[in-house]
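Structure first, then comments.
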Amino acid sequence: MASFSDETLQKIRDRILVSDVAARYAKIEHRGNELWCCCPLHGEKTASMVLHDDTGFFHCFGCGRSGTIFNLVMEMEKVSFPEAVRELAKQAGVELEQLSPQEVERNKQKEAMFGLY
296 MASFSDETLQ KIRDRILVSD VAARYAKIEH RGNELWCCCP LHGEKTASMV
346 LHDDTGFFHC FGCGRSGTIF NLVMEMEKVS FPEAVRELAK QAGVELEQLS
396 PQEVERNKQK EAMFGLY
């Protein structure tokens, strides 16, 4: 399993806006200070997905899905997390590093902890 450092993932999130990823799949609308689109994750006729470029998250009030650019690419392209990271890293111009065995183990422990919730 591929592991990526938190710093690398943050670099990718800093360089790619969630609205830019969503714009690949749906037309973005401005409503006041917010960005909305028809959710590309399910069929609909009115915009129900709000995009927050400032935090890097999206949420669909229709299907209830939410997440980051990684989640959106994973859902739309039907790829795994490592594949989504590689695709977005290439787009962002971020070089993916090789983690030490200690960092890989720390990431596994962190993932196990998140799995508890």
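First residue of the sequence shown: 296, per the working numbering; consecutive thereafter. Glycine is no exception: its CB is placed at the ideal position from the N, C-alpha and C atoms.
- The beta-carbon separation of Arg308 and Gly351, rounded to 5 Å, stays under the 8 Å limit for a contact.
- Listed in chain order, the non-local C-beta contacts of Tyr320 below 6 Å within the same chain comprise Pro335, Met371, local neighbours out to five positions each way being set aside.
- Taking His347 as the centre and dropping the five residues before and after it, the same chain places no C-beta closer than 6 Å to its C-beta.
- With fewer than 16 other CB atoms across the displayed protein chains lying within 10 angstroms of its CB, Thr341 is exposed.
- Within the model, the alpha-carbon separation for Pro396 versus Phe299 is close to 12 Å.
- Under the three-state reduction of DSSP, Ser300 is assigned to coil, being neither helix nor strand.
- In this structure, the alpha-carbon of Ala387 lies about 21 Å from that of Lys322.
- It is roughly 7 Å from the alpha-carbon of Glu390 to the alpha-carbon of Ala384.
- Ranking Leu330, Gln393, Asp301 by CA distance to the CA of Val313 puts Leu330 first.
- Excluding the 5 residues flanking it on each side, Ile364 has same chain C-beta neighbours closer than 7 Å at Arg308, Ile311, Val313, Val316, Gly351, Leu383, in chain order.
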